[in-house]
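Student: The structure that follows is given in the form of structure tokens.
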Amino acid sequence: MAMISYLTRIHFADDILQEAVKAECEAFSVRRPLVVTDPGLVKLGLVERLLDALAAVKVALYDQTPANPDEASVREAVTLFQSEGCDSIFAMGGGSSLDLAKAVALLATHDGALTQYAAIEGGVARIQNTLPPLIAIPTTAGTGSEVGRGALIVFDDGVKRGILSPHLIPKAAICDPVLTLDLPPQLTAGTGMDALTHCVETYISAAYNPPADGIALDGLRRAATNIERAVNDGHDIAARREMMASALNGALAFQKGLGGVHAISHALGGGKGRNLHHGTLNAILLPHILTFNAPAAEHKYPDLLAAMGLPAGKDVSDAMFQLSQKIGLPTTLSALGVDRDATNDAAPLAEADHTNGTNPRRATASDYAAIMAAAL
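Below you can see the structure in the form of structure tokens.
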């Protein structure tokens, strides 16, 4: 049976931050929020905008979110949440800050180690509807974590695992494209390809969710026709708006399930000693996974091409490769410092990843090893 639900309240408009923050504070009677963010946003002054919007309440600030949120950071932020008597969380940033905030909300209200709540450990059933209100404010257009039900955390053993539950979906999302205007071109490209990959993988997923299919194709159209504009001119507000909408669509849709791209990027991205950008990994891997999945999913590829405005019959894998090249992203794993030892270590983790279950073609560790070898 397919479970289909779309539950998040979303504010989406230019310059909506202050108005939306005030509305959510009133809606949840916020008195002592924890703000979760990262050092980069503090330097850019974006966090100051949020703190100004929260001027009527006393705020606790956790601004040390790492590029790949880890279990140690979760514990630090939970300690701050509890010691300051916080009653809610405002998460501002990319997927890292938003995912960290979800894990903080979870451990602030649930006993035991975080690992027991990982999806592959049967954690979905253990997560109860007792989390404090979480309001998510994305400053990138990529992960869509502001409306997603999952959080990706690097656990103490160095493995990146997904924590999944409808109770992790933020109570509200504040999507203000103005907050993305100063995102550098490389991050715009990487996060944008993350959003695009969500739409592609959702659409070809083996699961059944017709609304998700429609949302995914719409998100793919928006990303494919605006990502180059956003990379080339970060202050093109129309392109930024469409990219934020694409990210939103991708995450609304991917409750249907993702696939092999994410199985590998989760496995590689959580490796010890590596700090690989998730969206950039996705961009490198997407053409190879589309090639691998063709025997099971190529009947859906014409729809992908149509959504991207490309002619029927074009090689969709090559189209994704060319798009990554155009926007200046690396096209090989070796360009990110990944070697054969890393791919061999990652292959069994990819097979075990929760996203592998909805890949349209069954993939084993040996399949993933071969895919990564081709991508080196």
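Okay, so the sequence shown: first residue is 321 according to the working numbering, each after it adds one.
Here a beta-carbon is modelled for each residue, glycine too, at the ideal position from N, C-alpha and C.
Computed from a prediction, not measured in an experiment: that's the story for all the values here.
What are the partner residues of V498, as DSSP defines its beta bridges?
Tutor: Locating residue 498 in the sequence shown gives position 178, where the first residue counts as 1. DSSP output for V498 lists no bridge partner at all.
Student: Any idea what DSSP makes of M323, helix, strand or coil?
Tutor: Counted from its first residue, the sequence shown places residue 323 at position 3. For M323, the predicted structure reports a pLDDT of 45, less than 50, and the residue's modelled location is therefore unreliable. The matter cannot be settled from this model.
Student: With the cut-off set at 8 Å, would you say I557 and A670 are in Cβ contact?
Tutor: By one-based count along the sequence shown, residue 557 stands at place 237. By one-based count along the sequence shown, residue 670 stands at place 350. No, Cβ-Cβ distance for I557 and A670 is not below 8 Å.
Student: Give the range of the alpha helix (DSSP H) segment to which G539 is assigned.
Tutor: Here the question's residue 539 lines up with position 219 in the sequence shown. Counting along the chain, the alpha helix (DSSP H) containing G539 begins and ends at 530-552.
Student: Do you know how far the Cα of C495 is from the Cα of D700?
Tutor: Only positions 321 to 696 of the chain appear in the structure, and residue 700 is not among them; the question remains open.
Student: Distance check for N602 and D635, CA to CA, integer angstroms please.
Tutor: The residue given as residue 635 occupies position 315 in the sequence shown. The residue given as residue 602 occupies position 282 in the sequence shown. Near 18 Å, if we compare the C-alpha coordinates of N602 and D635.
Student: With three or more beta-carbon pairs closer than 8 Å as the criterion, would you say the stretch 557-577 touches the stretch 652-667?
Tutor: Contact fails: fewer than three Cβ-Cβ distances are below 8 Å.
Student: On the DSSP letters alone, give me the boundaries of the alpha helix (DSSP H) that S686 sits inside.
Tutor: Taking the first residue of the sequence shown as position 1, residue 686 is located at position 366. Note, S686: alpha helix (DSSP H), 685-695.
Student: Short of 7 Å in beta carbon distance, which residues of its chain neighbour V444, apart from the five on each side in sequence? Order them along the chain.
Tutor: Working through the sequence shown from its first residue, we reach residue 444 at position 124. Closer than 7 Å at the Cβ level, and outside the excluded window around V444, lie L484, S485.
Student: Give me the Cβ distance between G770 and N676, rounded to the nearest whole Å; I'm assuming they're in contact under 8 Å.
Tutor: Limits of the chain in this structure are 321 at one end and 696 at the other, which puts residue 770 out of reach.
Student: Say yes only if the C-beta of L578 is nearer than 7 Å to one or more non-hydrogen atoms of the ligand ZN, and no if none qualify.
Tutor: Because no ligand of any kind appears in the structure shown, any question about the ligand ZN cannot be addressed here.
Student: Under the rule that 16 or more other beta-carbon atoms within 10 Å means buried, what is I324, buried or exposed?
Tutor: The count along the sequence shown starts at 1 and reaches residue 324 at position 4. Residue confidence for I324 is low, a pLDDT of 49 falling below 50, so the modelled location carries little weight and cannot support an answer.
Student: Could I get the ranges of all uninterrupted alpha helix (DSSP H) runs contained in the stretch 394-479, with 4 residues as the minimum, in chain order?
Tutor: Whole alpha helix (DSSP H) segments, 4+ residues: 415-427.
Student: What three-state label does DSSP hand L389 in the structure shown?
Tutor: For the purposes of this step, residue 389 is taken as residue 69 along the sequence shown, with counting starting at 1. The amino acid occupying residue 389 in the given sequence is Pro; Leu does not appear at that position. Three-state DSSP puts P389 in coil, outside helix and strand.
Student: With three or more beta-carbon pairs closer than 8 Å as the criterion, would you say the stretch 408-424 touches the stretch 446-462?
Tutor: Yes, they touch.
Student: Would you please state the rounded distance, in angstroms, between the beta carbons of T500 and T463? I believe it to be under 8 Å.
Tutor: The residue given as residue 500 occupies position 180 in the sequence shown. The residue given as residue 463 occupies position 143 in the sequence shown. So it is not a contact: roughly 13 Å between Cβ atoms.
Student: So, helix, strand or coil for R560, using DSSP?
Tutor: Locating residue 560 in the sequence shown gives position 240, counting from the first residue. Here R560 sits in helix by DSSP.
Student: Looking only at its chain, what residues have a beta carbon closer than 6 Å to the beta carbon of A526, apart from the 5 residues adjacent to it on each side?
Tutor: For the purposes of this step, residue 526 is identified with residue 206 of the sequence shown, where counting begins at 1. Around A526: T678, P680.
Student: Taking the straight line between their C-alpha atoms, what separation do you get for L361 and G413?
Tutor: Numbered from its first residue, the sequence shown carries residue 361 at position 41. Numbered from its first residue, the sequence shown carries residue 413 at position 93. The alpha-carbon atoms of L361 and G413 are separated by roughly 7 Å.
Student: Spell out the partners DSSP gives Y382 in its beta bridges.
Tutor: Position 62 of the sequence shown, counted from the start, is the residue given in the question as residue 382. Looking at the DSSP assignment, Y382 forms a beta bridge with V356.
Student: Mark G415 as exposed unless 16 or more other C-beta atoms lie within 10 angstroms of its C-beta, in which case mark it buried.
Tutor: Taking the first residue of the sequence shown as position 1, residue 415 is located at position 95. G415 is buried by the Cβ-count criterion.
Student: Using 10 angstroms around the beta-carbon of D390, count the other beta-carbons present and answer buried if the total reaches 16, otherwise exposed.
Tutor: Looking up residue 390 in the sequence shown gives position 70. When all chains shown are included, D390 counts as buried.
Student: Does DSSP classify F332 as helix, strand or coil?
Tutor: Taking the first residue of the sequence shown as 1, we reach residue 332 at position 12. DSSP places F332 in strand when its eight states are reduced to three.
Student: Among T399, T545, A532, A695, whose alpha-carbon lies nearest the alpha-carbon of G577?
Tutor: Mapped onto the sequence shown, residue 577 falls at position 257. When each option's Cα is compared against that of G577, the closest is A532.
Student: R369 lies in the alpha helix (DSSP H); which residues open and close that run?
Tutor: To locate residue 369, count along the sequence shown from 1; it is residue 49. Segment 366-373, the alpha helix (DSSP H) holding R369.
Student: Can you name, in chain order, every residue of its own chain whose Cβ lies under 6 Å from the Cβ of D352, other than the five neighbours on each side?
Tutor: Indexing the sequence shown from 1 puts residue 352 at position 32. Note that residue 352 corresponds to Arg in the displayed sequence, not to Asp. If we look at R352 and ignore the five residues flanking it on each side, its Cβ neighbours are K378, G405, C406, D407.
Student: How many Å lie between S654 and L696 at the Cα?
Tutor: The count along the sequence shown starts at 1 and reaches residue 654 at position 334. The count along the sequence shown starts at 1 and reaches residue 696 at position 376. Between S654 and L696, the C-alpha separation is close to 5 Å.
Student: By Cβ distance below 8 Å, which residues in the same chain neighbour V398 in space, the five residues on each side in sequence not counted?
Tutor: For the purposes of this step, residue 398 is taken as the residue at position 78 of the sequence shown. Cβ within range, chain order: V424, L427, A428.
Student: What's the C-alpha gap between D358 and P497?
Tutor: Working through the sequence shown from its first residue, we reach residue 358 at position 38. Working through the sequence shown from its first residue, we reach residue 497 at position 177. Looking at the two C-alpha atoms, the distance is approximately 19 Å.
Student: Output the distance between the C-alpha atoms of Q506 and G633, rounded to the nearest integer angstrom.
Tutor: On the sequence shown, position 186 is the one that residue 506 refers to. On the sequence shown, position 313 is the one that residue 633 refers to. So the alpha carbons of these two residues sit roughly 30 Å apart.
Student: Assess contact between the stretch 361-372 and the stretch 508-525, defined as three or more Cβ pairs (one per stretch) separated by less than 8 Å. Is contact present?
Tutor: Contact between the stretch 361-372 and the stretch 508-525 is absent, because fewer than three Cβ pairs lie under 8 Å.
Student: I'd like to check one pair, M692 with A672: are the Cβ atoms closer than 8 Å?
Tutor: The residue labelled residue 672 in the question sits at position 352 within the sequence shown. The residue labelled residue 692 in the question sits at position 372 within the sequence shown. No, the Cβ-Cβ distance between A672 and M692 is not below 8 Å.
Student: Looking at C-alpha atoms only, which residue of M513, N664, R560 is the closest neighbour of Q645?
Tutor: As a first step, residue 645 is located in the sequence shown; it is residue number 325 there, counting from the start. Residue M513 is the option with its Cα nearest to Q645.
Student: What would DSSP say about G599, mapped onto helix, strand or coil?
Tutor: Taking the sequence shown and counting its residues from 1, one reaches residue 599 at position 279. It is helical.
Student: Cα-Cα, which of I489, A411, P650 is closest to G468?
Tutor: Here residue 468 is taken as the residue at index 148 of the sequence shown, counted from 1. For G468, the nearest C-alpha among the options comes from I489.
Student: Which two residues bound the contiguous alpha helix (DSSP H) that contains D699?
Tutor: Residue coverage of the chain in this structure runs from 321 to 696, which leaves residue 699 outside it and unanswerable.
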